[in-house]
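Protein chains in written order, with the working numbering: chain A, 718 to 876; chain B, 718 to 876. Ideal Cβ positions, reconstructed from N, Cα and C, are used throughout, including at glycine. Working notes, structure below.
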DNA sequence: GCTCTCGTACTCGGATAATACGTGTCCGAGTAGCGAAGG
DNA sequence: CCTTCGCTACTCGGACACGTATTATCCGAGTACGAGAGC
């Protein structure tokens, strides 16, 4: 799994904590998390292309949530960063394993191996789709109530 | 996900279909599935190291199931090929995101992002662990009853 | 005819290259704010 | 003093290198079968 997924979730989480209309620049995020600015910027562009964040160009620009945090699922984030392709890809090698004279009717139904892997991946995707940024924020708040205030301070709010 | 996972499951499935004590060589599998022999051999070695198959050295050697097909889960196969490392790794970047003066008590509990991703991955792993090679075999048989016979013919059984 | 020995062919095992994707970086396009000049 | 113009600094956007992990390959160690010679 891409490193960028973790970064993206934390960035969205920070934006959810800030909860205002002032955009946050890549430089601010990079400084806050001590991450390579240029590469983090690449990930943020992916989030913008996927419509998860809105990008404000120009000076004093940056990124802000494109929709409420409870409307952004972790599945959205993973898809934005990793792409929509499934992790397991079936190449239908079963067709070559049975000899040339195997009846085509034997392959009408989905490959059983493919089906099994797909079921597992579906469980993963459903779990990701059932958890929103707002949920993660709520859990983090429950673990450490000071988190929201610390986040706002880290980005220059409430000086 | 590694290509080798698909190959490995199909190989184990074929061994389950054959269901005898005569080992099958890498060359036989590669010829049957039309796969690069040397690379497939590498994957089979991983299965052998993980204890899923038993390797018979020397002429007329090859591989056979190390235990019954209903005792080999898809999780075992994925772990053998991909390794035991979790797909998502938490680098605890939250600690850097809150400023230096953040109280350590705020990080006693697990990172919420990590927890959320872990839950999804656990669903995936549980689904993989709940499905055995025997289950996949049963499903494939249900889809196409001729599969077992075709497999035995492909490996020189029942000539 | 039987047995022992040697040779050959075959297969596993690990060490070794080539390639693709994830990682990291750079520079150009565009915008907002600030300052100075003019009215 | 107010308005307008221009400049500078800052930020997004996409195009360009690098490193690591997956993909792919090769050669050596070991074993079983078979042929041949010897008894």
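Considering only residues of the same chain and omitting the five flanking positions on each side of residue 798 (chain A), which have a CB-CB separation below 7 Å? 719, 721, 722, 725, 760 and 763
Measuring only between beta-carbons, confirm whether residue 810 (chain A) sits less than 8 Å from chain B. yes
Can you list, in chain order, the residues of the segment 749-762 of chain A whose Cβ is nearer than 8 Å to any Cβ on chain B? 749, 750, 751 and 752
Which value, in whole angstroms, describes the spacing of the CA atoms of residue 776 (chain A) and residue 837 (chain A)? 46 Å
Could you check which residue in B:851, B:866 and B:861 has the C-alpha nearest to that of residue 791 (chain B)? B:851
Grab me the residues of residue 812 (chain B)'s own chain with a C-beta within less than 7 Å of its C-beta, minus the 5 sequence neighbours each way, in chain order. 824
So, for residue 768 (chain A): in the same chain, excluding its five sequence neighbours on each side, which residues have a beta-carbon less than 7 Å away from its beta-carbon? 783
Quick check for students: name the residue ranges of the alpha helix (DSSP H) that lie wholly in the segment 771-843 of chain A, counting only runs of 4 or more. 791-799 and 811-814
Residue 829 (chain A) and residue 860 (chain B) closer than 8 Å at C-beta: yes
With hydrogens ignored, establish whether the beta-carbon of residue 871 (chain B) is closer than 7 Å to any heavy atom of the ligand GTP. Summarising the ligand content, the structure contains no ligands, and the ligand GTP is consequently not present.
Assuming the contact rule is C-beta atoms closer than 8 Å, residue 780 (chain B) and residue 804 (chain B) should be a hit. Round their C-beta distance to whole Å, please. With a Cβ gap of about 28 Å, residue 780 (chain B) and residue 804 (chain B) do not count as contacting.
Name, please, each residue of chain B whose Cβ falls closer than 8 Å to the Cβ of residue 863 (chain A). 819, 820 and 823
Is residue 739 (chain B) buried or exposed, if buried means 16 or more other CB atoms sit within 10 Å of its CB? exposed
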